[in-house]
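Enquirer: Protein chains in written order, with my numbering: chain A, 1 to 182; chain B, 1001 to 1130.
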Amino acid sequence: MVGWAIALHGGGGDIQLDYPDELRIPREIALRHCLDVGVSAFKSGKPPLDVVELVVRELENQPVFNAGKGSVLTAECTIEMEASIMDGKTKRCGAVSGLNTVVNPISLARLVMEKTPHVYLAFNAAEAFARAHGVETVETSHLITPENIQRLKQAKEFNRVQLDYTSPGPKAQGYHGESQTG
Amino acid sequence: TVGCVAVDSAGNLASATSTGGYVNKMAGRIGDSPIIGAGTYANHLCAVSATGQGEDIIRGTVARDVAALMEYKGLSLTEAAAYVIDQSVPKGSCGFIAVSANGEVTMPFNTNGMFRACATEDGYTEIGIW
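1) Beta-carbon of residue 1086 of chain B versus every beta-carbon of chain A: anything under 8 Å?
2) Please report the distance separating the alpha-carbon of residue 1054 of chain B from that of residue 1021 of chain B.
3) On the three-state DSSP scale, how would you describe residue 149 of chain A?
4) How is residue 1124 of chain B classed by DSSP in three states: helix, strand or coil?
5) Determine the chain A residues that contact residue 1070 of chain B at a beta-carbon separation under 9 Å, and present them in chain order.
6) Going straight from the alpha carbon of residue 26 of chain A to that of residue 1010 of chain B, what length do you get?
7) For residue 1029 of chain B, which of A:60, A:98, A:19 and A:127 has the nearest alpha-carbon?
8) What runs of the alpha helix (DSSP H), each 4 residues or longer, lie entirely inside the region 106-148 of chain A?
9) Note down, in chain order, each residue of its chain lying with its Cβ closer than 6 Å to the Cβ of residue 111 of chain A, except the 5 sequence neighbours on either side.
10) For residue 162 of chain A, which of helix, strand or coil comes out of DSSP?
11) Looking only at DSSP bridge pairs, what is residue 1056 of chain B linked to?
12) Assuming residue 38 of chain A and residue 1115 of chain B are in contact, meaning their beta carbons sit under 8 Å apart, how far apart are those beta carbons, in whole angstroms?
13) Taking the CB atoms as reference points, tell me whether residue 1106 of chain B and residue 1094 of chain B lie closer together than 8 Å.
14) Output, in chain order, the set of chain A residues within a Cβ distance shorter than 8 Å of residue 1127 of chain B.
15) Along the chain, which unbroken stretches of the alpha helix (DSSP H) at least 4 residues long are found entirely within the region 1048-1111 of chain B?
16) Go ahead and pull the three-state DSSP assignment for residue 9 of chain A.
17) DSSP on residue 51 of chain A, reduced to helix/strand/coil?
18) Given this structure, state the Cα-to-Cα distance separating residue 1071 of chain B from residue 86 of chain A, to the nearest angstrom.
19) On the premise that residue 3 of chain A lies in contact with residue 1040 of chain B, defined as a C-beta separation below 8 Å, what is that separation, rounded to the nearest angstrom?
20) Please confirm whether residue 1116 of chain B has its beta-carbon closer than 8 Å to some beta-carbon of chain A.
21) Skipping 5 residues on each side, what residues in its chain have a beta carbon closer than 6 Å to that of residue 1042 of chain B?
22) Are the region 143-159 of chain A and the region 73-80 of chain A touching by the rule of at least three beta carbon pairs closer than 8 Å?
23) So what does DSSP say about residue 65 of chain A, is it helix, strand or coil?
24) With DSSP as the reference, label residue 44 of chain A as helix, strand or coil.
25) Which same chain residues end up closer than 8 Å to residue 1079 of chain B when comparing Cβ atoms and leaving out the 5 residues on each side of it in sequence?
26) Alpha carbon to alpha carbon, how far is residue 1019 of chain B from residue 1083 of chain B? Give it in angstroms, no decimals.
27) For residue 67 of chain A, which option in A:77, A:82, A:114 and A:55 has the closest C-alpha, if you only look at C-alpha atoms?
28) Beta carbon of residue 1007 of chain B, beta carbon of residue 1103 of chain B: below 8 Å?
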């Protein structure tokens, strides 16, 4: 048998080499914190499913990443969070989409896996499921950051969708507003 | 997008992914993160969580492709991941993290960068962007 292992990400994209320190350093600190949470969970004997849920909850709680608090905004200035979780041993899985008040979507995805015969709940039904199970919710405004309001304004200015870490501008990588696919 | 994959010393695997999607996306658009087999997958061989251009990740069935290459072609996790990041998705569109049942870890991406970190029981730790 081998030892445990864990990996995590905070999103990828067009991260330029001159990415400003004031943006980079808080994300690196958040990554380190979330990695430490996962390592501690393994050392305390938690199973992998608990570890990945715990770590993603921590990542969702970090406003510097695009999930949970800090989620980016749709064209209608709304939030639509989504998440999924899967257990490799049993292939059980759960997923949610279209959430706008749930603090930790990943935990709701796990509830879909464990408390329903289904794999995927979305939008109003997913929000109702969260309330039925006493999942922590907040007003949507608590999940929106000033930075993401600004990012939406920039994206609308160029009439483009914008991936994680894409810098504003019509020629930047990650803009796909003219794509006819997807 | 954020994600985490993990394997314990008995080879049990799990994967989780969460996201807010794209800035300025159409309301109602679903990305790859909640799609099992696209942005998230785990079986008895590996666990995968992806980030990037969701539509490309869905078309490429990225997470499931890694597992399938291991299952049907006998590739190692690193080999399967390298194939998928090179062949299954357009350059500049995707990155993912993955672990295998025997403790392999890989974090490939074909974008400029990906915020990522990993640790193993033997004390190895890595945090990276580019």
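Just so it is clear, CB atoms sit at the ideal spot from N, CA and C, and this is done for glycine as well.
Expert: In terms of the structure at hand:
1) Your numbering for residue 1086 of chain B matches position 86 in the second sequence. Cβ-Cβ to chain A under 8 Å: no for residue 1086 of chain B.
2) Taking the second sequence and counting its residues from 1, one reaches residue 1054 of chain B at position 54. Taking the second sequence and counting its residues from 1, one reaches residue 1021 of chain B at position 21. Approximately 8 Å between the Cα atoms of the pair.
3) Taking the first residue of the first sequence as position 1, residue 149 of chain A is located at position 149. Three-state result, residue 149 of chain A: helix.
4) Start at 1 with the first residue of the second sequence, and residue 1124 of chain B comes out as number 124. For residue 1124 of chain B, the three-state secondary structure derived from DSSP is coil.
5) Along the second sequence, read from residue 1 onward, the residue named residue 1070 of chain B stands at position 70. Correct list: empty, because the minimum Cβ distance to chain A is about 12 Å.
6) For the purposes of this step, residue 26 of chain A is taken as the residue at position 26 of the first sequence. For the purposes of this step, residue 1010 of chain B is taken as the residue at position 10 of the second sequence. Answer to the nearest angstrom: the Cα atoms are 34 Å apart.
7) By 1-based counting over the second sequence, the position of residue 1029 of chain B is 29. Of A:60, A:98, A:19 and A:127, the residue nearest in Cα terms is A:98.
8) 123-132
9) The residue given as residue 111 of chain A occupies position 111 in the first sequence. Around residue 111 of chain A, the same chain offers 133 as residues with beta carbons nearer than 6 Å, after the five sequence neighbours per side are excluded.
10) For the purposes of this step, residue 162 of chain A is identified with residue 162 of the first sequence, where counting begins at 1. In the structure shown, residue 162 of chain A sits in a strand (DSSP, three-state: E or B).
11) The residue labelled residue 1056 of chain B in the question sits at position 56 within the second sequence. Answer by DSSP bridge pairing: none, since residue 1056 of chain B is not bridged.
12) Here residue 38 of chain A is taken as the residue at index 38 of the first sequence, counted from 1. Here residue 1115 of chain B is taken as the residue at index 115 of the second sequence, counted from 1. Actually they do not touch by this definition, with Cβ atoms about 15 Å apart.
13) Counted from its first residue, the second sequence places residue 1106 of chain B at position 106. Counted from its first residue, the second sequence places residue 1094 of chain B at position 94. No, Cβ-Cβ distance for residue 1106 of chain B and residue 1094 of chain B is not below 8 Å.
14) Position 127 of the second sequence, counted from the first residue, corresponds to residue 1127 of chain B. The answer, in chain order, is 28, 31, 32 and 35.
15) 1054-1059, 1062-1073 and 1077-1087
16) Translated into the one-based positions of the first sequence, residue 9 of chain A becomes position 9. Look at residue 9 of chain A here: in three-state DSSP terms it is strand.
17) Position 51 of the first sequence holds residue 51 of chain A. Reduced to three states, the DSSP call for residue 51 of chain A is helix.
18) Position 71 of the second sequence, counted from the first residue, corresponds to residue 1071 of chain B. Position 86 of the first sequence, counted from the first residue, corresponds to residue 86 of chain A. Taking the straight line joining both Cα atoms gives about 18 Å.
19) As a position in the second sequence, residue 1040 of chain B is number 40, starting the count at 1. As a position in the first sequence, residue 3 of chain A is number 3, starting the count at 1. 24 Å between Cβ atoms; not a contact.
20) Position 116 of the second sequence, counted from the start, is the residue given in the question as residue 1116 of chain B. Output row for residue 1116 of chain B: interface = yes.
21) Translated into the one-based positions of the second sequence, residue 1042 of chain B becomes position 42. Within the same chain, residue 1042 of chain B has close Cβ partners 1013, 1014 and 1015.
22) yes
23) Counting from 1 along the first sequence, the entry for residue 65 of chain A is found at position 65. In the structure shown, residue 65 of chain A sits in coil (DSSP, three-state: anything other than H, G, I, E or B).
24) Locating residue 44 of chain A in the first sequence gives position 44, counting from the first residue. The answer is coil: DSSP assigns residue 44 of chain A none of H, G, I, E or B.
25) Within the second sequence, residue 1079 of chain B is the residue found at index 79, counting from 1. Here the set comprises 1069.
26) Within the second sequence, the letter at position 83 stands for residue 1083 of chain B. Within the second sequence, the letter at position 19 stands for residue 1019 of chain B. When rounded, the distance between both Cα atoms is 25 Å.
27) Locating residue 67 of chain A in the first sequence gives position 67, where the first residue counts as 1. Nearest of A:77, A:82, A:114 and A:55 to residue 67 of chain A, Cα basis: A:82.
28) For this step, residue 1007 of chain B is matched to residue 7 along the second sequence. For this step, residue 1103 of chain B is matched to residue 103 along the second sequence. Closer than 8 Å, so yes.
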